[in-house]
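The structure under discussion appears below in the form of structure tokens.
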Amino acid sequence: LAFSVVLGLVGATAKLAANPISQKIAGAYTTLVRGVPDLVLMMLLFYGGQQIANDLGSLTGWWDYVEINQFIAGVWSIGFVFGAYMTETFRGAILAIPRGQIEAGVACGMTPFLIFRRITWPQMVRHALPSFTNNWLVLIKATALVSIIGLHDLVWNASTAGRSVREPFSFMFAVLIIYLVLTACSDVGLRWLDRRYNVGVDRA
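Quick note: the sequence shown uses my numbering, first residue 164, plus one each step.
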């Protein structure tokens with residue numbers, strides 16, 4: 164999640180920047196990543212990433228110490244995918260802020276950091292929370308994909324245990340309950356945060 168949020172903030176800033184090069188790079192990133200299935204990207208990173216690291220290691224020497232294991236491939240691929248969605252979430256949230264407020268901050272002599280902390284950030288969070296909640300719930304469910312590349316996560320362990328005792332349904336049903344509890348608790352918590360940020364705000 165932290166990786167996705169950082170990528171989203173950087174990507175949104177790049178897409179809204181005056182520099183056309185950063186706009187094109189951020190646009191290409193969001194278009195490419197959102198157009199590729201999560202599982203395909205994960206498998207490409209797991210198998211292809213290690214091959215690239217090995218090839219670079221034979222040329223430079225120090226890349227031999229880089230290992231793209233299941234955990235790294237899973238975290239990076241999911242982070243890259245949801246970073247693209249977070250980019251659009253944050254970009255839309257920033258665009259929803261009246262431009263006049265930022266211009267007023269500049270006129271008052273506020274630094275760019277102070278404008279971001281006092282004006283942009285609080286309102287961006289308020290506008291982004293509904294979409295962020297949806298992305299977060301989808302991200303939780305997407306973590307089940309890492310079992311495909313052999314990472315010993317909840318799904319992998321349940322599948323292995325179910326096959327060993329020939330009772331896969333019971334174990335997978337337990338996984339279903341666990342994911343349902345995780346998503347339900349996350350939904351309740353993020354909705355509470357959304358209401359807290361929007362106290363006194365007319366959303367009609």
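Built from N, CA and C at the ideal position, the CB exists for glycine as well.
Item                                                                                                                                                                                        : Value
If you reduce the DSSP assignment to three classes, tell me which class Arg326 lands in.                                                                                                    : helix
What is the rounded straight-line gap between the Cα of Asn217 and the Cα of Tyr210?                                                                                                        : 11 Å
So the alpha helix (DSSP H) Thr176 belongs to, where does it begin and stop?                                                                                                                : Ala165 to Leu179
Excluding the five sequence neighbours on either side, which residues of its own chain have a C-beta within less than 7 Å of the C-beta of Val244, listed in chain order?                   : Val196, Asp201 and Leu204
How is the alpha helix (DSSP H) around Asn298 delimited, first residue to last?                                                                                                             : Trp284 to Ala305
Taking the CB atoms as reference points, tell me whether Val318 and Ser327 lie closer together than 8 Å.                                                                                    : no
With Tyr360 as the anchor, note down where its alpha helix (DSSP H) starts and where it stops.                                                                                              : Pro331 to Tyr360
Going by the CB atoms, is the gap between Gly268 and Ile257 shorter than 8 Å?                                                                                                               : no
Here's a check: name, in chain order, each residue in its chain whose Cβ is nearer than 6 Å to the Cβ of Met287, leaving out the five neighbours to either side.                            : Ala256 and Ile257
Using a threshold of 8 Å, state whether the C-beta atoms of Ala380 and Phe332 are closer than that.                                                                                         : This structure does not reach residue 380, given that the chain is present from 164 up to 367, and the question cannot be answered.
Taking 8 Å as the threshold (C-beta atoms), are Ile241 and Leu302 in contact?                                                                                                               : yes
For the region 199-282, list the alpha helix (DSSP H) runs that are entirely contained and at least 4 residues long, ordered along the chain.                                               : 201-206, 212-223, 233-258, 262-270 and 275-278
Is it true that the CB of Ser349 sits closer than 8 Å to the CB of Met249?                                                                                                                  : no
CA-CA distance, Lys304 and Asn182?                                                                                                                                                          : 36 Å
Identify, in the order they occur along the chain, each residue of the same chain with its Cβ nearer than 6 Å to the Cβ of Ala347, setting aside the five sequence neighbours on each side. : none
What's the call for His290, buried or exposed, on a 16-neighbour Cβ count within 10 Å?                                                                                                      : buried
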